[in-house]
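Take the sequence shown: its letters are residues 1 to 199, numbered as in full-length UniProt numbering.
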Amino acid sequence: QRTCTVKFAPEEQPGSQPVHLSVSRITQKVLNTFACMLVGGLVTSSLASKIRRRDTLNIKLGNRPSKKELEEKNILPRSSETERHELRQQIGCKLVRRLSQRPTTEELEQRNILKRELLKYTTKTTTVRPTVAELVARRILRFNEYVEVTDAKDYDRRADKPWTRLTPADKAAIRKELNEFKSREMEVHEDSKQFTRYY
Numbered sequence: 001q002r003t004c005t006v007k008f009a010p011e012e013q014p015g016s017q018p019v020h021l022s023v024s025r026i027t028q029k030v031l032n033t034f035a036c037m038l039v040g041g042l043v044t045s046s047l048a049s050k051i052r053r054r055d056t057l058n059i060k061l062g063n064r065p066s067k068k069e070l071e072e073k074n075i076l077p078r079s080s081e082t083e084r085h086e087l088r089q090q091i092g093c094k095l096v097r098r099l100s101q102r103p104t105t106e107e108l109e110q111r112n113i114l115k116r117e118l119l120k121y122t123t124k125t126t127t128v129r130p131t132v133a134e135l136v137a138r139r140i141l142r143f144n145e146y147v148e149v150t151d152a153k154d155y156d157r158r159a160d161k162p163w164t165r166l167t168p169a170d171k172a173a174i175r176k177e178l179n180e181f182k183s184r185e186m187e188v189h190e191d192s193k194q195f196t197r198y199y
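This is the structure:
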């Protein structure tokens with residue numbers, strides 16, 4: 001039994017590190033054939049592809065941005081939980097201070113920003129409505145004591161369509177009258193006479 005080490009660099013990825021394979025219980029002839037195949041690029045072993053995958057994973061992990069870069073890009077929060085809580089408290093204090101400095105309704109009415117009189121008038125007109133007797137006295141509502149009812153004949157109220165009952169003679173007379181009107185009475189520009197359509 002011989003144990004030998006085969007060292008090769010795969011050609012698919014230039015610049016990749018050489019791979020060491022430990023081979024045991026293989027005759028020298030099979031070992032030479034296997035080495036020739038690896039050098040020629042005819043066979044890619046599963047072990048070499050696994051090592052290549054590990055190398056790409058290491059490259060990706062090596063290219064990962066640092067914590068400082070992630071904090072600068074606002075991907076990772078810079079502050080801790082206590083710092084965030086303190087910041088929220090400061091914002092809350094500022095909001096309370098701003099709200100306490102707001103002018104009162106009386107000040108807004110004095111500056112004519114809040115128009116209280118219009119609000120009072122609209123509420124008064126909507127809540128205090130006149131009674132029916134007041135509306136009748138003002139002649140806004142008018143009631144008749146007697147209602148006159150007359151009989152009417154029941155007839156079809158749909159629109160009449162006389163053009164659906166035209167005879168061929170009626171249609172020919174209408175066409176003749178329209179053509180005479182177009183040829184004699186209708187004013188048409190000299191250049192447009194050729195486009196006049198007759199029925």
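Ideal placement from N, C-alpha and C gives every residue a C-beta, glycine not left out.
- Excluding the 5 residues flanking it on each side, Val188 has same chain C-beta neighbours closer than 7 Å at Thr196, in chain order.
- In the same chain as Leu141, and ignoring 5 residues on each side of it, the C-beta atoms closer than 8 Å to its own belong to Val132, Leu135, in chain order.
- Between the alpha carbons of Asp170 and Tyr198 lies a gap of roughly 17 Å.
- In this structure, the straight-line span from the alpha carbon of Ile91 to that of Thr104 is close to 23 Å.
- Secondary structure at Pro168: helix, using DSSP grouped into helix, strand and coil.
- Judged by their CB atoms, Leu61 and Leu70 are not nearer to each other than the 7 Å cut-off.
- When rounded, the separation of the alpha-carbon atoms in Asn58 and Ala48 is 15 Å.
- For Ile140, there is no enclosing alpha helix (DSSP H), since its DSSP letter is neither H nor E.
- Contact between Leu108 and Leu99 does not hold, since their C-beta atoms are separated by about 15 Å, which reaches or exceeds 8 Å.
- For Glu109, the uninterrupted alpha helix (DSSP H) segment begins and ends at 105-110.
- When secondary structure is reduced to three states using DSSP, Leu114 falls in the coil class, being assigned neither helix nor strand.
- Under the DSSP assignment, Arg64 falls outside any alpha helix (DSSP H); it carries neither an H nor an E label.
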